[in-house]
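Mapping of the sequence shown onto UniProt numbering: position 121 corresponds to residue 121, and the numbering continues sequentially without gaps.
C-beta: ideal position from N, C-alpha, C; glycine also.
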Amino acid sequence: MEDRLKPWKVLESTITYEDRWLKVRSDRCQNAHGLIIEPYHVMEYSNWVNVLAVNTDGQVVLVREYRHGAGRILVGLPGGGTEPGDARPVEAMQRELLEETGYGGGQFFEVGHSYANPGNQNNIIWSFLAIDVQQTHEQSLDENEDIEVVLQDLAEFNRQTWQGGYELQAMHLATIGLATQFILTSGLPQLQPLQRKLLQKYDSTP
């Protein structure tokens, strides 16, 4: 059956702002009913990556930093943007984890991807789970970054997250949910210790 919904036609497109971080595109569009929609602004970013990284002691590796958009110091997952030289999103994730936290090694699993905000952004978020990571380096931060590394037991972090104990950005919540589901349902033997840890915590929660 033919889909009655149709993509908009882009009649004209102009880049109205561009720097190293983002590009703003202003489109003149026409929908399937002939209505002209202008200007429609689209923010073009690189794709983003973030990770629920668990060390060899079963602790989640978190980052605590000032987030200027919110004007708050917040806890979140390690992550960042892909770069042109990245052959795969996992390469960007491994680089960002190492730079922000000094943790590397281990095993990475891609647990899902989603659009950041498909109404007016073009980029995709890649979500990862990493297990058995270890601190192998010092942090290697950009000059404008000031990041504190925080470690928390996986099961306790998961419990606090879903009980509202953290103010997390939405894309991090998505990754935590996807990674937790992957731990609980993948059946991979290397994830069984984490699965037991999560289930024991929930079984013992009043």
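query	result
Range of the contiguous beta strand (DSSP E) that encloses Gly79	79 to 81
Alpha carbon of Gln30 to alpha carbon of Tyr40, nearest angstrom	11 Å
Cα-Cα separation, Ala155 to Leu191	13 Å
Assigned exposure category for Gln48 - 16 Cβ within 10 Å defines buried	For clarity, residue 48 is Trp in the given sequence; the question names Gln instead. Buried is the call here.
Endpoints, alpha helix (DSSP H) assigned at Pro89	89 to 101
Residues that DSSP places opposite Ile183 in a beta bridge	In DSSP, Ile183 forms no bridge with anything.
Cβ contact check for the stretch 172 to 184 and the stretch 89 to 97: 3 or more pairs under 8 Å	no
At least 3 beta-carbon pairs within less than 8 Å: the stretch 112 to 121 vs the stretch 145 to 163	no
Local conformation of Thr14 per DSSP, three classes	strand
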